[in-house]
Amino acid sequence: MRNALDLAWPREGLTRVPYPIYSRADVYAEERARIFQGPVWNFLCLEAELPQPGDYRATFVGDMPVIVARDLAGTLAAFENRCAHRGALLCFARGGHGREISCVYHNWTYDLRGRLTGVTFQRGVNRQGGMPADFERSKHNLRTLRVESFAGIVFGTFSDATPPVETYLGPAIAERIRRVMRKPVKVLGYNSQMLPNNWKVYVENNKDSYHASLLHAFFTTFRVNRLSQEGGIIVDDSGGHHVSYSKRATDKPSAEYDATDLRAKRRDYRLADPSLLDGVDEFGDGITLQILTVFPAFVVQQIQNSLAVRQIVPRGVGETELFWTYLGYADDDGAMLAIRQKQSNLVGPGGYISMEDGAVGGFIQRALPGGEEGAAVVEMGGRGVGSETTRATETSVRGFWQVYRRLMGV
Amino acid sequence: MRNALDLAWPREGLTRVPYPIYSRADVYAEERARIFQGPVWNFLCLEAELPQPGDYRATFVGDMPVIVARDLAGTLAAFENRCAHRGALLCFARGGHGREISCVYHNWTYDLRGRLTGVTFQRGVNRQGGMPADFERSKHNLRTLRVESFAGIVFGTFSDATPPVETYLGPAIAERIRRVMRKPVKVLGYNSQMLPNNWKVYVENNKDSYHASLLHAFFTTFRVNRLSQEGGIIVDDSGGHHVSYSKRATDKPSAEYDATDLRAKRRDYRLADPSLLDGVDEFGDGITLQILTVFPAFVVQQIQNSLAVRQIVPRGVGETELFWTYLGYADDDGAMLAIRQKQSNLVGPGGYISMEDGAVGGFIQRALPGGEEGAAVVEMGGRGVGSETTRATETSVRGFWQVYRRLMGV
Amino acid sequence: MRNALDLAWPREGLTRVPYPIYSRADVYAEERARIFQGPVWNFLCLEAELPQPGDYRATFVGDMPVIVARDLAGTLAAFENRCAHRGALLCFARGGHGREISCVYHNWTYDLRGRLTGVTFQRGVNRQGGMPADFERSKHNLRTLRVESFAGIVFGTFSDATPPVETYLGPAIAERIRRVMRKPVKVLGYNSQMLPNNWKVYVENNKDSYHASLLHAFFTTFRVNRLSQEGGIIVDDSGGHHVSYSKRATDKPSAEYDATDLRAKRRDYRLADPSLLDGVDEFGDGITLQILTVFPAFVVQQIQNSLAVRQIVPRGVGETELFWTYLGYADDDGAMLAIRQKQSNLVGPGGYISMEDGAVGGFIQRALPGGEEGAAVVEMGGRGVGSETTRATETSVRGFWQVYRRLMGV
Amino acid sequence: MPADIATERDVERLLARYVASIDADRLEEWPGYFTERCRYQIITSENYEQGLPLGIFFADSQAMLQDRVAALRQANIYEGQRYRHLVSSTLILGEEDGLVIAQSNYMVARIMHDGATMLFSTGRYLDRVDLRGPGPLFAEKLVILDSRRIDTLLAIPL
Amino acid sequence: MPADIATERDVERLLARYVASIDADRLEEWPGYFTERCRYQIITSENYEQGLPLGIFFADSQAMLQDRVAALRQANIYEGQRYRHLVSSTLILGEEDGLVIAQSNYMVARIMHDGATMLFSTGRYLDRVDLRGPGPLFAEKLVILDSRRIDTLLAIPL
Amino acid sequence: MPADIATERDVERLLARYVASIDADRLEEWPGYFTERCRYQIITSENYEQGLPLGIFFADSQAMLQDRVAALRQANIYEGQRYRHLVSSTLILGEEDGLVIAQSNYMVARIMHDGATMLFSTGRYLDRVDLRGPGPLFAEKLVILDSRRIDTLLAIPL
Ligand code: FES
Ligand code: FES
Ligand code: FES
Ligand SMILES: [Fe+3]
Ligand SMILES: [Fe+3]
Ligand SMILES: [Fe+3]
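Protein chains in written order, with our numbering: chain A, 1 to 410; chain B, 1001 to 1410; chain C, 2001 to 2410; chain D, 3001 to 3158; chain E, 4001 to 4158; chain F, 5001 to 5158.
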């Protein structure tokens, strides 16, 4: 049983977020245990990244190094990337392939389920030294995660209390993940982005449909998205997961828009080469944008024909690494690849409509000093948590804090 | 009511400064609340930097981001540079000009007094979403500072207990500020300097007239300043502010000088191009050097015809950013500008007589490890706090700690 | 009397090392007081680095800056590198030479035993200012270390409880140090290496003879060392010091070797230019490798004809600076120097058989997150502490923790 | 056989003018260093070497480069910043259908408006330069980043 | 019309010798790279672009440069440090009253005596070079810093 | 009298190919830039200037360079990393027994497989180049590091 954090939540509850939550080192350490090692499913990798038995990859659960593998029987497994002997990283590359994993320091070896299979010189050398007679390798296996693959996405949890992934997600979120992962995917590219802010600031950013048309001018200017378009927010029962979606070319006139003077609205703005936005309705439902989050730190993105998953890895109280994995389908032809390549200009560290998300997080983090007594205000769309047909709401942000507070006990 | 810091001050009192005060993170956090947000006047900017109604600038109070503005009526105002919604920096440039300031994240807008004037989609979009009916913008204005301009210098305070600036400074300090700011100034240049030390180390350096002729050899060599010259220290009644001044070419013979072998004394040393030091007695009082500090972290400098203000901004326990603003008078002619330009070689990050101050701070900070039980000794000129006719004293350093301890409760 | 650390050691005792010991800031601060300023002998420098009276050098005890000097009478002395006035570093270069050391800030001067000999303007200037009449310089000398030179190596301690160096080391370790320092040495080169890990991780690495033939493939491949060679470990009675040694070309057949498939074993691998390993048995005892550690953080190395001392300086919880000083003998001729130069390729930051030690420390440090409840397992060679004739043991690692726990009270 | 000195100079001059325009924030000049039907891509060496097609930015026309500049000027929000490019070790690798193939090493420092400076990107330029026109132009420019990790965001072209 | 290769080389050689002298701590040679009535200024681009006249250091004679070196050697206290200059992308911008106007990009690393290394300064040189004498000399050298922020202090010339 | 432009180019091209091979992880090519009886040393300026003979790495034959590569490929354990070299300000210092003596400034960034990038080393190359053969080769290459401090380890040649 852990000690409770000395953190008083504002009496307004879910509509307030006390600023020190983004800057306190003790909160960060507590999240490691209560959130990431708690009753949650963490994104580990894609099945497509472990095609063969014997494949493994290094990944992270929170900031804890973890290895996810497909064992020789083809079963998925995951375990700490920390040798049971003296704690060295076992895999210090992106990944590998083999029958076993051995530690470079003293050559202890593990099978692809994290079981200790070999201790060098366990019986000593020339009958001298070695491990005590009563040393049992089986008592020194690596700490493992429970692993489940859902729609080609591999999740892991350290907790026995976590329900099956599909139950954890709830039907609506599960369905929207299946929508994107509807057939075998292939990775079209990787990169990562260091965000100068606490990891929760970026999670909120993804859940915050309110900002989309306001911060991202490129977005609005080309009607890729506008709050007045048909769309909405779905929040699962727990509140921790969400999907925000909208359709294009279904724009209703909106008094508010004509009333508000939005920086984001620049009617005159046109592309010299519009081929950037050429795309196809590959899902057949007219939905041009779907941003989906799974608690705590995973994002599935469809922006027109740009598909990606995003893994959010804390790198300290005020730093976060965002791992982008760009996807296509295994059966994409050259024309489809060309479309995805051009539309990749919309997202990623330099993307026309995601660039700003890299900046605002830092603006929030840098504004924390002196705000120790203050709190963010999260009242757009009311004070509750639930699905809505508008995206002028912060319902899914409140949902995040609902789960967070329960797990953290604050 | 805040908890007291667990910090035992040496029984010797003002003549000792316990070293952990420069390295403890909890002390740093406490200073944010008790010093910079306490009953003090913080430098914000110069009036000359806000010439027009609608002008605003980003500045800092301690390490808290703040905006100082001249509203449309021409009145000065200051408020936190942190959006009332989710806490993003409102101004992330040096400054700007406009009728209002809007946040890039969700476009909330504020007038130049920090009042929340607009919440985008407050009433929702197409009658969906939006803020709760009982949401009152007026309850979400930015936290403001009281602002006062004195002699063209804009100060701000978060405390109602702070007396008017002129009372705060006391007559002697006020008069010496007026001396420098005697007519409209113009900015001749900016830059900043990262000091590898706690902010208090650099404040003490400015208050420490003892070091001037000893550390700064260039100084002494050219008789720009020597302790044996006519001059002295004025400390205000609180002890927190000081002015140190001296006259040139009024050198009395000094046994101590001939006795002490000073590195700083190099009689043979001459300039190949003496035009560097050509100057005029523009104040008509023969004072060639005046260093003035206002508690907690502001300096006004006159060194011959080199005029500057220095703002000291903490950037963490062991780092400080020093902002230099070089000044001239609005009516300076070309000849006067040329003089100030050459004399600017004396000060700033590369200045002949300020260069060393950038180095010694780091020497103190780097010597802290292992000195946890130790304390600095501040006994030059006795153990009291008060004005003196000599500059072989640390009276104003003791004065700083007198105010600091009262505010910090240590 | 200091408060005890809130750190529960695993009940298994010496065979477990709880991972937070490598990452907790409070542990790091406590080590500064209890280990480095405790009853231990810290390496300061070599006598060869202070050949003349008046020579002094800046060094470190833990992360505390210290000056070690040979005074004008030729006696060795050491004292804090922190001015007694305001705490500035006195020596901010590698070292110097002179009758005294003066501080650049206010020119206080000290003799080479750390006694305050001069306070500038102590009596004021023109009978004004100055130190109080009752100020006694003798009360403001620098805090000194007790210094002892053993076999040309200068050690220092802050504790009166520390026994003489030779007693501290014990006969076996003392003898093995004398073996390397058997005649006057000269420095052949310097450099340092920043290790991305806690200092104790690197100390353990030196005490860990188990890893040598497994991590360092170059080593094994050329039989410079293999666990099956004649050799062993000597641990002193305290457990804190050790020497690990082996002889070459005394390879007994070993079932374990043929059984274990070692990455490190590449029989086919040959040097295109074997002159690298040309050497002479300059000690006449056939010992080709001797690694010796003195608690807490000092290493003496002989690898064939490559001689060096290594000083381990903590630079924060997760960073360590390793200072390499390469040695030869004063009477080395050109041929011997050429041998040492080529063999220097074996060690140092880029050395064929030390390179990996710079990497594995980081692997351990980076694997700490999420392992807060875990502990390293140190059971090779049993659970006790003592000398052994095999090097398939972690006996000297356990010895380190035996002394560490006693001093730290954990 | 090494390329002649004049060709090397032409390519080096083009690179020098290219980085001077970017570093001086004269982004409007940037598209002008390319042919109309050009190819420009910023891609990490990890993706490039594995044959993964997607990078950080891709354009296959000068017009798309103009759109990039227009977006940075009119639409996108990012903090004031400048680059400083250093380019060295230009090698002429050969010639193909009239285009000179050249490789150069670069380092780019990013300087924020507040003065914060960091080594933002390192890598190599793999260029196909058209020397046949009045002035040399990039028919293709691959910016191959050594690092897979971008700090904060990448707005200004490399 | 691009300047001829020989002129570019002359300027590049002058810059190479200039930085070699500074980086090797042969500061006494530094004033010798300037004409007697020269102009040398270190100024931040912020000030330079706003027309604010004051910078970090200003000299309008070779003698003032000699004084700088004398002060660094005899008077000023600062920790042992060296620079390493990288210079690239030199462009000949034109010619004015017999002086060649050239711009170059630079990066300077600062290496402290204890080995601590940082990217200390980036920016550009804006030079007026006199090629008429026996050897090329700087008649004017503007060091325009990209950053407004200096770490610790700036002692050694850039 | 400055060296002729062609000689400068030859040396610059050699340096460009040298760093291109290292930065592309084509280490097997590295020994080929040296003569058979060459001298290569990586040494800190602290040791070099004090006349202390030992450095970070020393080789007096091309075979020892081949052994270095073999060890890095087959024996040594270190984390995946690459370098990026920038080289500038090459100066021809003179000629001795048919070898051209040249000095250049360099900066090397180290990029770890996970993208972490740092300014790993700065310093100068002091080279003796043999231009008499079919292609230019290093008869001697001194890599003189400005810093006495190495981060983590130095595996790949500079
Ligand atoms: S740490 Fe992995 S085998 Fe020893
Ligand atoms: S954070 Fe400023 S409007 Fe939302
Ligand atoms: S700090 Fe050393 S003399 Fe003042
Ligand atoms: Fe967004
Ligand atoms: Fe000073
Ligand atoms: Fe080792």
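Cβ atoms here follow ideal geometry from the backbone N, Cα and C, with glycine treated the same way.
Since the structure is predicted, the reported quantities are computational estimates derived from the model, not experimental observations.
{"Query": "Give every residue of the same chain whose Cβ lies closer than 6 Å to the Cβ of Ile35 (chain A), excluding the five residues on either side of it in the sequence, and list them in chain order.", "Result": "Pro296 and Leu407"}
{"Query": "Would Pro5053 (chain F) and Leu2188 (chain C) qualify as a contact pair, given that the criterion is a beta-carbon distance under 8 Å?", "Result": "yes"}
{"Query": "Look at the Cβ atom of Asp4060 (chain E), then the Cβ atom of Leu4099 (chain E), and state whether they are nearer than 8 Å.", "Result": "no"}
{"Query": "Could you confirm whether any beta carbon from chain A is found closer than 8 Å to the beta carbon of Phe1323 (chain B)?", "Result": "no"}
{"Query": "DSSP state of Val119 (chain A), grouped into three classes?", "Result": "coil"}
{"Query": "Cutting at 8 Å between CB atoms, please list the residues of its own chain near Arg2086 (chain C), excluding the five before and the five after it.", "Result": "Tyr2105 and His2106"}
{"Query": "Look at the Cβ atom of Val309 (chain A), then the Cβ atom of Val299 (chain A), and state whether they are nearer than 8 Å.", "Result": "yes"}
{"Query": "Using a Cβ-Cβ distance cut-off of 8 Å, determine whether Ile4150 (chain E) contacts chain C.", "Result": "no"}
{"Query": "Which same chain residues end up closer than 7 Å to Leu5119 (chain F) when comparing Cβ atoms and leaving out the 5 residues on each side of it in sequence?", "Result": "Met5107 and Ala5109"}
{"Query": "Please identify the residue among B:Val1377, B:Glu1388, B:Phe1400 and B:Asp1071 whose C-alpha is closest to the C-alpha of Glu1012 (chain B).", "Result": "B:Val1377"}
{"Query": "Quick one: does the C-beta of Cys3038 (chain D) sit closer than 7 Å to a heavy atom of ligand 2?", "Result": "no"}
{"Query": "Does the pairing of the region 2331-2340 of chain C with the region 1385-1403 of chain B give three or more beta-carbon distances under 8 Å?", "Result": "no"}
{"Query": "Nearer than 7 Å: is that true of the beta carbon of Phe2350 (chain C) relative to any heavy atom of ligand 3?", "Result": "Per the sequence shown, residue 2350 (chain C) should be read as Gly rather than Phe. No, the beta carbon of Gly2350 (chain C) sits no closer than 7 Å to any heavy atom of ligand 3."}
{"Query": "Report all residues from its chain with a CB closer than 8 Å to the CB of Val3069 (chain D); omit the five preceding and five following residues, and keep chain order.", "Result": "Leu3027, Glu3028, Trp3030 and Pro3031"}
{"Query": "Quick check on Ala2008 (chain C): does DSSP put it in helix, strand or coil?", "Result": "coil"}
{"Query": "Measuring CB to CB, does Ser209 (chain A) end up less than 8 Å from Glu230 (chain A)?", "Result": "no"}
{"Query": "So is Gly1098 (chain B) buried or exposed if we call it buried at 16+ other beta carbons inside 10 Å?", "Result": "exposed"}
{"Query": "Determine the chain E residues that contact Pro1196 (chain B) at a beta-carbon separation under 7 Å, and present them in chain order.", "Result": "Thr4152"}
{"Query": "Can you name, in chain order, every residue of its own chain whose Cβ lies under 7 Å from the Cβ of Glu47 (chain A), other than the five neighbours on each side?", "Result": "Ser149, Gly152 and Val154"}
{"Query": "Name the chain C residues whose beta carbon is nearer than 7 Å to that of Glu4079 (chain E)?", "Result": "Phe2092"}
{"Query": "If you measure from each CB to the nearest heavy atom of ligand 7 and keep those under 5 Å, what residues do you get, in chain order?", "Result": "Inclusion of ligand 7 in the displayed structure is not the case, the ligand content consisting of ligand 1, ligand 2, ligand 3, ligand 4, ligand 5 and ligand 6 alone."}
{"Query": "At 9 Å on the CB atoms, spell out the chain C contacts of His4113 (chain E), in chain order.", "Result": "Phe2092, Ala2093 and Arg2094"}
{"Query": "If contacts are defined as beta-carbon pairs under 8 Å, then Arg4941 (chain F) and Gly4115 (chain E) qualify, I think. What distance do you get, rounded to the angstrom?", "Result": "No information on residue 4941 (chain F) is available, as it lies outside the stretch 5001 to 5158 that chain F covers here."}
{"Query": "Closer than 7 Å: is that where the CB of His2216 (chain C) sits relative to any heavy atom of ligand 5?", "Result": "no"}
{"Query": "Among all the DSSP beta bridges, which residues are the ones paired with Cys2045 (chain C)?", "Result": "C:Val2154"}
{"Query": "Can you give me the Cβ contacts of Ile2353 (chain C) inside the same chain, cut-off strictly under 6 Å, excluding the 5 residues immediately before and after it?", "Result": "His2216, Phe2218, Phe2219 and Leu2346"}
{"Query": "At 3 residues or longer, what runs of the beta strand (DSSP E) sit wholly inside the region 1278-1340 of chain B?", "Result": "1287-1294, 1298-1303, 1306-1314 and 1320-1329"}
{"Query": "Can you give me, in chain order, the residues of the region 180-214 of chain A that have a beta carbon less than 7 Å from any beta carbon in chain B?", "Result": "Tyr210, His211 and Leu214"}
{"Query": "How should Asn2198 (chain C) be labelled, buried or exposed, when 16 other C-beta atoms within 10 angstroms of its C-beta is the threshold for buried?", "Result": "buried"}
{"Query": "Applying the criterion that 16 or more other CB atoms from any shown protein chain within 10 Å of the CB defines a buried residue, is Ala2264 (chain C) buried or exposed?", "Result": "Low confidence applies here, because Ala2264 (chain C) scores a pLDDT of 49, under 50, leaving its location unreliable; read the following figure in that light. Buried, since its Cβ has 16 or more Cβ neighbours within 10 Å."}
{"Query": "Can you check whether the CB of Leu5086 (chain F) is closer than 8 Å to the CB of Ala5155 (chain F)?", "Result": "no"}
{"Query": "Between the alpha carbons of Met4001 (chain E) and Leu3015 (chain D), how many angstroms are there, rounded?", "Result": "Because Met4001 (chain E) sits at a pLDDT of 40, beneath the cut-off of 50, its placement in the model cannot be relied upon, and the following sentence gives the value as read from the coordinates. In a straight line, the C-alpha of Met4001 (chain E) is about 16 Å away from that of Leu3015 (chain D)."}
{"Query": "Is there at least one Cβ from chain F nearer than 8 Å to Leu4027 (chain E)'s Cβ?", "Result": "no"}
{"Query": "Taking CB distances under 8 Å as the criterion, tell me whether Asp3067 (chain D) reaches chain A.", "Result": "yes"}
{"Query": "Please report whether the beta-carbon of Val1317 (chain B) lies at a distance below 8 Å from any beta-carbon of chain C.", "Result": "no"}
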